[in-house]
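Chemist: If you count the sequence shown from 1, position 396 lands on 395 in numbering that gives the first Met the number 0, and the numbers rise without skipping.
Here a beta-carbon is modelled for each residue, glycine too, at the ideal position from N, C-alpha and C.
If you're wondering where the values come from, they're calculated on a predicted model, not measured in any experiment.
Next up is a structure, given as structure tokens.
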Amino acid sequence: MNIQDKSRYREVHARSLADPEGFWAEAAREIDWIVPATKVFDPSQGLYGRWFAGAKVNTCYNALDRHVANGRADQVALIHDSPLTGTISTFTYAEMLREVQALAAVMQDFGVEKGDRVILYMPMVPESMVAMLACARIGAVHSVVFGGFAAKELATRIDDAKPKLILSASCGIEPGRIVKYKPLLDEAIGLSSAKPDACIILKRPQQDCDLVEGRDHDWGKLRSEALAAGKTAECVAVDATDPLYILYTSGTTGKPKGVVRDNGGHLVALKWSMENLYGVKPGEVWWCASDIGWVVGHSYIIYGPLIHGATSIMYEGKPVGTPDPGAFWRVIAEHGAVALFTAPTAFRAIRKDDPDGSFMRKYDLSKLRTLFLAGERADPPTVEWAEQQLKVPVIDHWWQTETGWCIAGNPVGLGLLPVKHGSPTVPMPGYDVRVVDEGSKPVPAGTMGSIVIKLPLPPGNLPTLWQQDERCRESYFADFPGYYKTSDAGYMDEDGYVFVMGRTDDIINVAGHRLSTGGMEEILASHPDVAECAVLGINDTIKGEVPCGLIVLKSGVTRDHAEIEKEIVKLVRDKLGPVAAFKLAITVPRLPKTRSGKILRGTIKKIADGDEWAMPATIEDPTALDDISSALKSHS
0 MNIQDKSRYR EVHARSLADP EGFWAEAARE IDWIVPATKV FDPSQGLYGR WFAGAKVNTC
60 YNALDRHVAN GRADQVALIH DSPLTGTIST FTYAEMLREV QALAAVMQDF GVEKGDRVIL
120 YMPMVPESMV AMLACARIGA VHSVVFGGFA AKELATRIDD AKPKLILSAS CGIEPGRIVK
180 YKPLLDEAIG LSSAKPDACI ILKRPQQDCD LVEGRDHDWG KLRSEALAAG KTAECVAVDA
240 TDPLYILYTS GTTGKPKGVV RDNGGHLVAL KWSMENLYGV KPGEVWWCAS DIGWVVGHSY
300 IIYGPLIHGA TSIMYEGKPV GTPDPGAFWR VIAEHGAVAL FTAPTAFRAI RKDDPDGSFM
360 RKYDLSKLRT LFLAGERADP PTVEWAEQQL KVPVIDHWWQ TETGWCIAGN PVGLGLLPVK
420 HGSPTVPMPG YDVRVVDEGS KPVPAGTMGS IVIKLPLPPG NLPTLWQQDE RCRESYFADF
480 PGYYKTSDAG YMDEDGYVFV MGRTDDIINV AGHRLSTGGM EEILASHPDV AECAVLGIND
540 TIKGEVPCGL IVLKSGVTRD HAEIEKEIVK LVRDKLGPVA AFKLAITVPR LPKTRSGKIL
600 RGTIKKIADG DEWAMPATIE DPTALDDISS ALKSHS
């Protein structure tokens, strides 16, 4: 690696690989253990070894109790900002602890014990944080299912996790509509063979709901009674290797894949990352604009900031339309956030509606030091636009539900490395990232291949799938022996920078040439009229596959669409050459996405190829697929 700079990164990463046990033992000193580990890493346990074997700990204690005891009782732990309801509320660490103690006691009254599962089917409200931490407090294993998920998908997760208790709400709120959760929950329980003993339902003022007698209980009533009676629950000691939560991957089909996160490794990795990766100090305000239904929300709305002693913002709104493209800037200015973590799709939406950044200049963003992007590849034009507008470092970083925290990033706390647009920068400590061919042989720098991570994975990564060890082995460890398969394709350059060009199935084969759709999307996004885009390979009888580009134009663009499409075809031809065989660009009003902002490329491809397809459970707006279908038919 040839990185010439003042960052401590090189030395820290090298030490983490040369002496992983020493490195993570040092990081573990930041955690309050009930019983310390007998072995920092035990290679004889689990599928590839387990971290902090023999240790006992409690995640809730590390997120709340210790801060209350050590001088942060009156510091704000959570700021809840909801432009959808017009409310802002705050909870100090002491107030949050009291709420968590009361709900944990209520859960114990319902018979929930250490190791029992509890499903949360919740909107972005403070009670969601309270519920997750209450589960952690009593050693119950929570599984958050994205609020508003289809009943059938929720039912498969109920059957897999077999929860003793389900916590839900009467509704979620979206711009211009209320999503009734209770009918979906009732239908899901009806469909599932595993039935919960009870459900606790948060009745929101925007939408009431009926309670099923004998099964459903009013959250507000239970809370009031518990607080009035002074009910409390003490922290339950769990093994560091015990599961904290199960999170089902959004791409699940058939039997769901429940990623397991353990307590000990998760605590150590997230605490290390808050200061060293994100550069945030205890006591500062941090905003992760995600959802608790996704891993990013688990790690960096709930656990990471509270374990670190920071103030976390939870936002119930959108980047645009609640009420305008200045929504994010208002939140940062009002609450004094020093860093924002969001998905690239949020910035593409803001850029589309406010290409000149005029809304941004209405707010005082002087406290904002860094913008972090993750969730999908951050295309260089979006990163460049954000850099120009915000005048702060814009850091792309790459990770997965399975890893629980960043695989490759730019470690602000260790000293920023030079940014290379299109790269999430370098592997984080503990991650030995390689690029290999189909035979697991390393490929030269700059050569496209499968991105893998040499085992063992660092703390915080999945030890297994929920009650599916063999499936976990087959899904992640079998194809490249000795490595974890990321299912991402890309390359590393001579400086050790990682370039993630797309999922391995996003590498298309055009007449024998392996081409990255991510690389083509970069070119499309560089056109001045394009707000966002997607490139996919469409089956072709002669070339095998040919690329098709779908583009969404910026607000206010009135030029002829056909003219813009011709310019884009020429742009790809000029930059990639005729080998790309790029001849089809289609303008669409919007791209179909999951609720976490990922474009549903696989479903679009099935529509384009005329294959059978089903409406994805994770889709944000189902009508977007109708637009795509119509556009593809008109160009076929």
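1. Determine the closest residue to Leu-464 out of Thr-400, Val-425, Gly-421 and Glu-521, with distance taken between C-alpha atoms.
2. For Phe-581, which three-state DSSP category applies?
3. Alpha carbon to alpha carbon, how far is Ile-349 from Asp-559?
4. How many Å lie between Tyr-314 and Val-509 at the Cα?
5. Can you give me the C-alpha to C-alpha distance between Ala-76 and Ala-193, rounded to a whole angstrom?
6. Figure out for me which residue from Pro-182, Thr-344 and Arg-203 has the closest Cα to the Cα of Leu-83.
7. Beta strand (DSSP E) containing Asp-80: first to last residue?
8. Can you give me the Cβ contacts of Leu-46 inside the same chain, cut-off strictly under 8 Å, excluding the 5 residues immediately before and after it?
9. Given a cut-off of 7 Å, decide if Leu-132 and Cys-59 are closer than it, judged by their beta-carbon atoms.
10. Consult DSSP for Cys-234 and reduce its assignment to one of helix, strand or coil.
11. Could you tell me the alpha carbon to alpha carbon distance between Pro-122 and Lys-390, rounded to whole angstroms?
12. Check each candidate in Ala-444, Pro-426 and Gln-466 and name the one with the smallest Cα separation from Ile-452.
13. Going by C-alpha to C-alpha distance, which of Gly-448, Pro-380 and Pro-428 sits closest to Asp-654?
14. So is Thr-252 buried or exposed if we call it buried at 16+ other beta carbons inside 10 Å?
15. Could you spell out the range, first to last residue, of the beta strand (DSSP E) harbouring Gly-448?
16. By DSSP's criteria, Pro-546 is part of a beta bridge. Which residues make up the other side?
17. By alpha-carbon positions, which one of Ile-301, Tyr-490, Ile-598 and Val-497 ends up nearest to Glu-531?
18. State the start and end residues of the unbroken alpha helix (DSSP H) segment that holds Val-267.
19. With 16 other CB atoms within 10 Å as the buried threshold, where does Met-273 fall?
20. How close, in whole Å, do the beta carbons of Lys-179 and Glu-29 come, if the pair is a contact with beta carbons under 8 Å?
21. Taking Cβ positions, are Cys-287 and Tyr-299 nearer each other than 7 Å?
22. Measure the Cβ-Cβ separation of Met-500 and Gly-518 and say whether it is below 7 Å.
23. Would you check if the distance between the CB atom of Asp-353 and the CB atom of Pro-324 is smaller than 7 Å?
24. Do Ile-312 and Ile-78 have their CB atoms nearer than 7 Å?
25. Out of Gln-387, Asn-262, Arg-594 and Phe-340, which has the shortest C-alpha to C-alpha gap to Arg-360?
26. Starting from His-307, trace the alpha helix (DSSP H) in both directions and tell me its first and last residue.
27. Okay, do the region 549-567 and the region 414-431 touch, 3+ Cβ pairs below 8 Å being the bar?
28. Using beta-carbon positions only, say whether Ala-232 and Lys-55 come within less than 7 Å of one another.
29. Please work out which residues of its chain come closer than 7 Å, Cβ to Cβ, to Val-568, disregarding the five sequence neighbours upstream and downstream, and give them in chain order.
30. So, at 6 Å on beta carbons, what are the nonlocal neighbours of Gly-250 in its own chain, with the 5 sequence-adjacent residues on each side left out?
31. Who does Tyr-482 pair with in a DSSP beta bridge?
32. Does the beta-carbon distance from His-334 to Val-295 come in below 7 Å?
33. What three-state label does DSSP hand Asp-363 in the structure shown?
34. Just to confirm, is the Cβ distance from Val-267 to Ile-245 under 7 Å?
35. Near Thr-321, what residues of its chain come up, given a Cβ to Cβ distance below 7 Å and the 5 sequence neighbours on each side ignored?
36. Check the C-beta distance from Ala-239 over to Gly-263 and give it rounded, since I have them as a contact under 8 Å.
Modeler: Short version:
1. Taking the first residue of the sequence shown as position 1, residue 464 is located at position 465. Out of Thr-400, Val-425, Gly-421 and Glu-521, Thr-400 has the C-alpha closest to the C-alpha of Leu-464.
2. Taking the sequence shown and counting its residues from 1, the one referred to as residue 581 is at position 582. Judged by DSSP in its simplified three-state form, Phe-581 adopts coil rather than helix or strand.
3. Here residue 349 refers to the residue found at position 350 of the sequence shown. Here residue 559 refers to the residue found at position 560 of the sequence shown. Here the C-alpha atom of Ile-349 lies approximately 23 Å from the C-alpha atom of Asp-559.
4. In the sequence shown, the residue the question calls residue 314 occupies position 315. In the sequence shown, the residue the question calls residue 509 occupies position 510. Take the alpha-carbon of Tyr-314 and the one of Val-509: they are about 43 Å apart.
5. Sequence index remark: in the sequence shown, residue 76 carries index 77 (1-based). Sequence index remark: in the sequence shown, residue 193 carries index 194 (1-based). Near 36 Å, if we compare the C-alpha coordinates of Ala-193 and Ala-76.
6. Locating residue 83 in the sequence shown gives position 84, counting from the first residue. Nearest of Pro-182, Thr-344 and Arg-203 to Leu-83, Cα basis: Arg-203.
7. As a working mapping, residue 80 is identified with position 81 in the sequence shown. Looking at the DSSP string, the run of the beta strand (DSSP E) that includes Asp-80 is 75-81.
8. The count along the sequence shown starts at 1 and reaches residue 46 at position 47. In its chain, beyond the 5 residues on either side, Pro-462, Thr-463, Asp-468, Cys-471, Arg-472 and Phe-476 have a beta carbon closer than 8 Å to the beta carbon of Leu-46.
9. As a working mapping, residue 59 is identified with position 60 in the sequence shown. As a working mapping, residue 132 is identified with position 133 in the sequence shown. Cβ distance < 7 Å, so Cys-59 and Leu-132 count as in contact.
10. One-based indexing of the sequence shown puts residue 234 at position 235. Residue state for Cys-234 is assigned as coil, using DSSP reduced to three classes.
11. The sequence position of residue 122 within the sequence shown is 123, counting from 1. The sequence position of residue 390 within the sequence shown is 391, counting from 1. Lys-390 has its alpha-carbon roughly 33 Å from the corresponding atom of Pro-122.
12. Your numbering for residue 452 matches position 453 in the sequence shown. Distances from the alpha-carbon of Ile-452 to those of Ala-444, Pro-426 and Gln-466 put Pro-426 closest.
13. Limits of the chain in this structure are 0 at one end and 635 at the other, which puts residue 654 out of reach.
14. Reading the sequence shown from its first residue, position 253 is the one you call residue 252. Here Thr-252 scores only 47 on pLDDT, less than 50, and its place in the model is too uncertain to base an answer on.
15. On the sequence shown, position 449 is the one that residue 448 refers to. Here the beta strand (DSSP E) through Gly-448 covers 448-453.
16. Residue numbering aside, residue 546 sits at position 547 when the sequence shown is read from its first letter. Pro-546 is bridged to Gly-536.
17. Walking along the sequence shown from the start, residue 531 turns up at place 532. Ranking Ile-301, Tyr-490, Ile-598 and Val-497 by Cα distance to Glu-531 puts Ile-598 first.
18. Locating residue 267 in the sequence shown gives position 268, where the first residue counts as 1. Val-267 -> alpha helix (DSSP H) spans 262-275.
19. To locate residue 273, count along the sequence shown from 1; it is residue 274. Buried is the call here.
20. Taking the first residue of the sequence shown as 1, we reach residue 179 at position 180. Taking the first residue of the sequence shown as 1, we reach residue 29 at position 30. Contact between Lys-179 and Glu-29 is ruled out by a C-beta separation of about 43 Å, above the 8 Å threshold.
21. Stepping through the sequence shown from its first residue, residue 287 is reached at position 288. Stepping through the sequence shown from its first residue, residue 299 is reached at position 300. The answer is yes: Cβ separation under 7 Å.
22. Counting from one through the sequence shown, the residue named residue 500 turns up at place 501. Counting from one through the sequence shown, the residue named residue 518 turns up at place 519. Cβ distance < 7 Å, so Met-500 and Gly-518 count as in contact.
23. For the purposes of this step, residue 353 is taken as residue 354 along the sequence shown, with counting starting at 1. For the purposes of this step, residue 324 is taken as residue 325 along the sequence shown, with counting starting at 1. Cβ distance < 7 Å, so Asp-353 and Pro-324 count as in contact.
24. Numbered from 1 along the sequence shown, position 313 holds the residue referred to as residue 312. Numbered from 1 along the sequence shown, position 79 holds the residue referred to as residue 78. For Ile-312 and Ile-78, yes; Cβs fall inside 7 Å.
25. As a first step, residue 360 must be located in the sequence shown, where it is residue number 361. Among Gln-387, Asn-262, Arg-594 and Phe-340, the Cα nearest to that of Arg-360 is on Gln-387.
26. Here residue 307 corresponds to residue number 308 of the sequence shown, with the count starting at 1. For His-307, the enclosing alpha helix (DSSP H) has its first and last residue at 303-307.
27. Touching, no.
28. Here residue 232 is taken as the residue at index 233 of the sequence shown, counted from 1. Here residue 55 is taken as the residue at index 56 of the sequence shown, counted from 1. Lys-55 is positioned such that its CB atom lies no closer than 7 Å to that of Ala-232.
29. Here residue 568 corresponds to residue number 569 of the sequence shown, with the count starting at 1. So the qualifying residues of the chain are Phe-581, Lys-582 and Ala-584.
30. The residue labelled residue 250 in the question sits at position 251 within the sequence shown. Only weak support exists for where Gly-250 lies, its pLDDT of 48 falling under 50; the value from the coordinates is given anyway. Closer than 6 Å at the Cβ level, and outside the excluded window around Gly-250, lies no residue.
31. For the purposes of this step, residue 482 is taken as residue 483 along the sequence shown, with counting starting at 1. Answer is Lys-453.
32. The residue labelled residue 334 in the question sits at position 335 within the sequence shown. The residue labelled residue 295 in the question sits at position 296 within the sequence shown. No, the pair does not count as a contact, with Cβ atoms beyond the cut-off.
33. Looking up residue 363 in the sequence shown gives position 364. Reduced to three states, the DSSP call for Asp-363 is coil.
34. Taking the first residue of the sequence shown as position 1, residue 267 is located at position 268. Taking the first residue of the sequence shown as position 1, residue 245 is located at position 246. Between Val-267 and Ile-245, the gap from beta carbon to beta carbon reaches 7 Å or more.
35. Working through the sequence shown from its first residue, we reach residue 321 at position 322. Sequence-distant Cβ neighbours of Thr-321 in its own chain, meaning closer than 7 Å and more than five residues away, are Pro-82, Leu-83 and Pro-174.
36. Locating residue 239 in the sequence shown gives position 240, where the first residue counts as 1. Locating residue 263 in the sequence shown gives position 264, where the first residue counts as 1. Confirmed, about 3 Å.
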